[in-house]
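Written below as structure tokens is the structure these notes are about.
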Amino acid sequence: MPEARSAAGSGLNAYNGRLVHAHVILNPAAGRGAAARALDPIVREFRRQGWAVEAERTDHPGHGVALAAAAVRSRARCVVAVGGDGTVHEVANGLLRPATGGGGAQHAAPLLGVVPMGTGNDFAKLVGLYRHAPVRAVQGLVTARTAAFDVGHVLDEYFVNSAGIGFGAEVVRERNGMPGLSGFLSYLVPVLRAFARFRPPRLEVRASGFGETGYMMMVEICNGTTAGGSYRFAPAARPGDGRLDVCVVRRVSLARFLLAIPRVMRGTHGTMREVALFQTRRIMLRSLEGPLVLHLDGELREPAARECTVRVEPGRLNVLVAR
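The sequence shown runs contiguously to residue 323 in the working numbering.
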């Protein structure tokens with residue numbers, strides 16, 4: 001289990017008494033519809049554990065942000081995201097938005113819990129709930145400890161697991177165009193298809209102790225160890241260490257690329273000559289050929305900007321971590 005700093009206090013009692021209420025935000029499309037079918041068992045299990053439950057469903061992209069922000073305003077103490085990494089991304093962004101009441105006082109950010117129902121579920125790995133069925137995940141949440149996780153911030157948006165430019169963003173684009181794939185194939189097939197048409201962009205990358213300009217396959221900026229489900233871009237990353245782990249992959253041939261895939265999956269790619277791994281609190285990315293194309297927690301972003309700065313915000317997200 002990756003190390004993270006404890007949140008204020010050392011357990012659920014840190015939030016003014018025993019936590020007995022879960023505000024559930026569920027993406028009914030997650031898991032190819034499995035999340036919608038799991039709502040009733042999730043609610044029943046929370047109630048069986050003695051918790052009250054309020055459940056809402058998202059119905060369009062970005063809706064999870066609005067629902068989570070509203071939960072903060074209503075002084076929810078625990079918000080549970082039911083879905084994949086995209087759902088977690090939206091809910092976390094809603095929780096991290098400044099929320100003030102009529103008197104101008106800022107509300108404390110609620111705890112974030114996760115019931116993983118996506119394909120990759122990278123964030124679920126950080127909180128000890130990877131491959132947990134919904135009922136088992138609820139059981140893990142009600143006995144969880146609290147921890148303070150770092151988050152990344154770029155272009156007025158937060159990410160909780162990883163952000164990337166270059167090949168990673170192109171894989172997301174390919175995957176979005178193949179919704180019928182599931183399981184491991186939903187990550188491997190887009191990788192192979194993306195490589196066939198991908199042209200490495202010319203980038204400038206600047207961070208403390210690192211600076212490079214050239215054609216790069218990708219720059220992956222990680223808070224967690226994995227991205228894309230099975231790819232261990234940052235095997236040494238810890239979500240509460242106050243730093244982002246960066247993986248830079250320079251332009252490679254097809255043969256080296258095919259060699260790199262299993263090594264990235266094992267987390268042994270750091271010794272390849274085309275790879276640079278380092279930690280930083282802030283990193284500047286500049287595209288020298290056109291507008292940036294990024295992914296944030298696997299969500300595609302295409303701003304008009306050619307330059308951005310990614311920074312870590314230590315300990316911003318209070319998270320439930322299974323014991």
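Quick reminder that beta carbons are idealized off the backbone N, C-alpha and C, glycines included. Here the structure is a predicted model, which is why all the values come from computation and not from measurement.
- Collapsing the DSSP output to three states places methionine 218 in a strand.
- Leaving aside the five residues that flank glutamate 157 on each side, the residues in its chain whose CB is nearer than 8 Å to its CB run, in chain order, Asn93, Leu296 and Arg301.
- CA-to-CA, the gap between glutamine 49 and alanine 70 works out to about 25 Å.
- The C-alpha of valine 82 is placed about 17 Å away from the C-alpha of valine 72.
- Excluding sequence positions up to five before and after alanine 144, its CB lies within less than 6 Å of the CB of Leu320, Val321 and Ala322, all in the same chain and listed in chain order.
- Take alanine 52, set aside five residues on each side of it, and the residues of its chain with a beta-carbon closer than 7 Å to its own are Val20 and His21, in chain order.
- With 16 or more neighbouring CB atoms inside 10 Å of its own CB, asparagine 223 falls in the buried class.
- Around the C-beta of aspartate 85, 16 or more other C-beta atoms lie within 10 Å, and the residue is accordingly described as buried.
- If you look at glutamate 299, you'll find it in the beta strand (DSSP E) that goes 299–301.
- Taking a cut-off of 8 Å on C-beta distances, the stretch 207–216 touches the stretch 271–288, as three or more cross pairs fall below it.
- Around the beta-carbon of serine 162, 16 or more other beta-carbon atoms lie within 10 Å, marking it buried.
- A straight line joining the alpha-carbon of valine 151 with that of serine 253 spans about 33 Å.
- Cβ contact annotation for valine 91 (same chain, cutoff 8 Å, sequence separation greater than five): Ile25, Gly64, Val65, Leu67, Ala68, Val79, Ala81 and Leu112, in chain order.
- The distance from the Cβ of glycine 118 to that of alanine 55 is about 18 Å, inconsistent with a contact at the 8 Å cut-off.
- If the five residues before and after alanine 236 are omitted, its C-beta is found closer than 7 Å to the C-beta atoms of Asp245, all from its own chain and listed in chain order.
- The way I'd put it, the stretch 33–45 does touch the stretch 128–145; three or more beta-carbon pairs between them come closer than 8 Å.
- In the DSSP assignment, methionine 272 falls outside any alpha helix (DSSP H), carrying neither H nor E.
- The residue among Gly298, Asn318, Met284 and Leu317 with its C-alpha nearest the C-alpha of cysteine 308 is Met284.
- DSSP places leucine 292 outside both helix and strand once states are collapsed to three, so it counts as coil.
- Arginine 131 counts as exposed, since fewer than 16 other beta carbons sit within 10 angstroms of its beta carbon.
- Contact check for valine 171 and alanine 194: beta-carbon distance about 5 Å, within the 8 Å limit, so the pair qualifies.
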